[in-house]
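Note sheet for the following structure.
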Amino acid sequence: MSINHSVEPQLASLVKSERHMRSEYGTKMVGVMDTVAPHPHFVMPLQPGKVAILSGWDTIDEMYKGSVSNAEPKASRVLSQLATDWFVFIENVPTRFWVAANKPITAQTVTMFVTDDESGITGEYAWERHYITPQPASDSAGALPLPDRQLANLENHEALLEALCAGDIAKVMGLITPECVWAQRDYLADTEGGEVTELRGAEAAAGYLTRWHAEMRPQHVSVVNRRVTDWFVFSEEVWIVQPGGGAARQCRTATIYPLAEDGRFEGVLGFGKDIEDPAPSAGQRLGRAFWSEPGVAIADVARS
643 MSINHSVEPQ
653 LASLVKSERH
663 MRSEYGTKMV
673 GVMDTVAPHP
683 HFVMPLQPGK
693 VAILSGWDTI
703 DEMYKGSVSN
713 AEPKASRVLS
723 QLATDWFVFI
733 ENVPTRFWVA
743 ANKPITAQTV
753 TMFVTDDESG
763 ITGEYAWERH
773 YITPQPASDS
783 AGALPLPDRQ
793 LANLENHEAL
803 LEALCAGDIA
813 KVMGLITPEC
823 VWAQRDYLAD
833 TEGGEVTELR
843 GAEAAAGYLT
853 RWHAEMRPQH
863 VSVVNRRVTD
873 WFVFSEEVWI
883 VQPGGGAARQ
893 CRTATIYPLA
903 EDGRFEGVLG
913 FGKDIEDPAP
923 SAGQRLGRAF
933 WSEPGVAIAD
943 VARS
């Protein structure tokens, strides 16, 4: 019998991410660093409302040792999951026992584990939901409501990608909150294992994005995977760039885009693989969100 390797990359990613998750339960975090590879980057709310951006094996080790006095993981309930050859994304409903409050607290979170190293995860990016959006009701005739907020979030995500590609920083600023946390792989840095930006606030993001666009010269972006909800967008993207005006290259990224209650992005959290030569089919823009008849804008299509 021949060995089937077609799904092995995804399964190997799950092995690493689930080994890491399992190491956090009932262990007081002893042994958790055995599941973390060299050069890790973590972006997560260690305390409600406070996002930490951490890099380096020793820093992550210190974080886990300190976390024992704050909270203890008790359960995870994985609502949705996406596994690829280099990351695993989950939507989770975890319960933690918080020491200061002396009680368990259950939340709704999204987490991406970067799994591109054979020895363990190299990244964990997480966000916690902190508001509830009203659910649309059926109309008087009993017709099912459309997911209008999700559609609006999709439109904003498309607009953000287009603005980033075009270098329209003013438009980007209109799509993010003033307090937006921008923590993505820094392709302007040349460091083993990569670096993560720590841009806290729209002004800091604007300055960096101006430099990024001038150096990377993005040509187009394709969306490989995307999940849109009422409070976050998750997207795996392939960016075709021309660093310094040279030959075309590609950046394969995966990003969590949490949304504020007003529909603007309050975070951009994620990582990317090393810059590389473009894939054979990467020369065209793929993964379009909207389709309509030629010459007809999606906004002009009557919905009822």
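Note that the sequence shown covers residues 643 to 946 in the numbering used here.
Each residue gets a CB set at the ideal place from its N, CA and C atoms; glycine is no exception.
Given a cut-off of 8 Å on the beta-carbon distance, is the pair VAL693 and VAL685 in contact?
Numbered from its first residue, the sequence shown carries residue 693 at position 51. Numbered from its first residue, the sequence shown carries residue 685 at position 43. Cβ atoms of VAL693 and VAL685: closer than 8 Å.
Please report the distance separating the alpha-carbon of ILE695 from that of VAL910.
Counting from one through the sequence shown, the residue named residue 695 turns up at place 53. Counting from one through the sequence shown, the residue named residue 910 turns up at place 268. So the two alpha carbons sit approximately 12 Å from each other.
The beta strand (DSSP E) spanning HIS947 covers which residue range?
Nothing can be reported for residue 947, as the shown portion of the chain is limited to 643 through 946.
Evaluate the contact criterion for the region 724-735 versus the region 645-660: three or more CB pairs, one atom per stretch, below 8 Å.
With a cut-off of 8 Å, the region 645-660 and the region 724-735 count as touching, because enough Cβ pairs lie within range.
Between CYS807, PHE874, ASN798, ASN712, which has its C-alpha nearest ALA768's C-alpha?
Numbered from its first residue, the sequence shown carries residue 768 at position 126. Of the listed residues, the one whose Cα sits closest to ALA768 is PHE874.
Mark GLY849 as exposed unless 16 or more other C-beta atoms lie within 10 angstroms of its C-beta, in which case mark it buried.
Stepping through the sequence shown from its first residue, residue 849 is reached at position 207. Exposed, because fewer than 16 other Cβ atoms sit within 10 Å of the Cβ of GLY849.
Is it the case that the Cβ atoms of GLU903 and GLU821 are separated by a distance below 8 Å?
Start at 1 with the first residue of the sequence shown, and residue 903 comes out as number 261. Start at 1 with the first residue of the sequence shown, and residue 821 comes out as number 179. In this structure, GLU821 does not lie closer than 8 Å to GLU903 by Cβ.
What are the boundary residues of the alpha helix (DSSP H) that includes PRO651?
Looking up residue 651 in the sequence shown gives position 9. Counting along the chain, the alpha helix (DSSP H) containing PRO651 begins and ends at 650-664.
Count the other C-beta atoms from every protein chain shown that fall within 10 angstroms of the C-beta of PRO947, then say buried if there are 16 or more, exposed otherwise.
Limits of the chain in this structure are 643 at one end and 946 at the other, which puts residue 947 out of reach.
Cα-Cα, which of ALA889, ASN734, GLU714, ILE747 is closest to MET754?
On the sequence shown, residue 754 is found 112 positions in, with the first residue counted as 1. That would be ASN734, whose Cα lies nearest to the Cα of MET754.
Run through the DSSP bridge pairs and tell me what ILE747 is partnered with.
Taking the sequence shown and counting its residues from 1, the one referred to as residue 747 is at position 105. DSSP lists ARG738 as partners of ILE747.
Does the distance from the C-beta atom of ALA679 to that of ILE732 stay below 8 Å?
Residue 679 sits at position 37 when you count from the first residue of the sequence shown. Residue 732 sits at position 90 when you count from the first residue of the sequence shown. Contact flag unset, no.
Who are the near neighbours of TYR667 in its chain, counting only those whose CB is closer than 7 Å to its CB and skipping five residues on each side?
Counting from 1 along the sequence shown, the entry for residue 667 is found at position 25. So the list reads PRO715, once near-sequence residues are dropped.
Applying the criterion that 16 or more other CB atoms from any shown protein chain within 10 Å of the CB defines a buried residue, is LEU788 buried or exposed?
To locate residue 788, count along the sequence shown from 1; it is residue 146. Its Cβ having fewer than 16 others within 10 Å, LEU788 is exposed.
Along the alpha helix (DSSP H) that carries ALA847, what are the first and last residues, could you check?
Counting from one through the sequence shown, the residue named residue 847 turns up at place 205. Its alpha helix (DSSP H) spans residues 844-858.
As an exercise, report each continuous alpha helix (DSSP H) stretch of at least 4 residues that is fully enclosed by the region 787-827, in chain order.
As far as the region 787-827 is concerned, its whole alpha helix (DSSP H) runs of at least 4 residues are 790-808, 811-817.
Nearest-angstrom Cα distance between ARG945 and SER877?
In the sequence shown, the residue the question calls residue 945 occupies position 303. In the sequence shown, the residue the question calls residue 877 occupies position 235. The straight-line gap from Cα to Cα measures roughly 26 Å.
Which one or two residues does DSSP pair with THR626 in a beta bridge?
For residue 626 there is no data in the structure shown, the boundaries of the chain being 643 and 946.
Taking the alpha helix (DSSP H) that SER709 belongs to, which residues open and close that run?
Within the sequence shown, residue 709 is the residue found at index 67, counting from 1. Where SER709 is concerned, the enclosing alpha helix (DSSP H) stretches over 699-709.
Looking at the structure shown, is ALA931 part of a helix, part of a strand, or coil, going by DSSP?
Here residue 931 is taken as the residue at index 289 of the sequence shown, counted from 1. Three-state DSSP puts ALA931 in coil, outside helix and strand.
How would you label GLN892, buried or exposed, when you count the other beta carbons within 10 angstroms and need 16 or more for buried?
Along the sequence shown, one-based indexing puts residue 892 at 250. So GLN892 ends up on the buried side.
Quick check: the Cα distance between SER665 and MET671, rounded to an integer number of angstroms?
Against the sequence shown, residue 665 aligns to sequence position 23. Against the sequence shown, residue 671 aligns to sequence position 29. Their backbone Cα atoms lie some 7 Å apart in a straight line.
Please name the residue, chosen from ASN712, GLU879, GLU766, that lies closest to ALA742 on a Cα-to-Cα basis.
Here residue 742 corresponds to residue number 100 of the sequence shown, with the count starting at 1. It is ASN712.
Does the Cβ-Cβ distance between VAL838 and ALA825 come in under 8 Å?
Residue numbering aside, residue 838 sits at position 196 when the sequence shown is read from its first letter. Residue numbering aside, residue 825 sits at position 183 when the sequence shown is read from its first letter. Cβ distance < 8 Å, so VAL838 and ALA825 count as in contact.
Would you call the region 859-871 in contact with the region 696-705, where contact means no fewer than 3 C-beta pairs closer than 8 Å?
With the cut-off at 8 Å, the region 859-871 and the region 696-705 do not touch.
Hey, how far is the Cα of LEU656 from the Cα of GLU760?
On the sequence shown, residue 656 is found 14 positions in, with the first residue counted as 1. On the sequence shown, residue 760 is found 118 positions in, with the first residue counted as 1. So the alpha carbons of these two residues sit roughly 12 Å apart.
Taking the Cβ atom as the reference point for each residue, do GLY809 and HIS772 lie within a distance shorter than 8 Å?
Numbered from its first residue, the sequence shown carries residue 809 at position 167. Numbered from its first residue, the sequence shown carries residue 772 at position 130. Their beta carbons are not under 8 Å apart, which means GLY809 does not touch HIS772 by this criterion.
Closest to VAL756 by CA distance: which of ILE882, PHE932, ARG827, GLU935 is it?
As a working note, residue 756 is residue 114 in the sequence shown. For VAL756, the nearest C-alpha among the options comes from ARG827.
Can you have a look at LYS658 and say buried or exposed, based on whether 16 or more other CB atoms are within 10 angstroms of its CB?
As a first step, residue 658 must be located in the sequence shown, where it is residue number 16. LYS658 should be labelled buried.
Return the CA-CA distance between LYS745 and PRO936, expressed in angstroms with no decimal places.
The count along the sequence shown starts at 1 and reaches residue 745 at position 103. The count along the sequence shown starts at 1 and reaches residue 936 at position 294. Approximately 57 Å between the Cα atoms of the pair.
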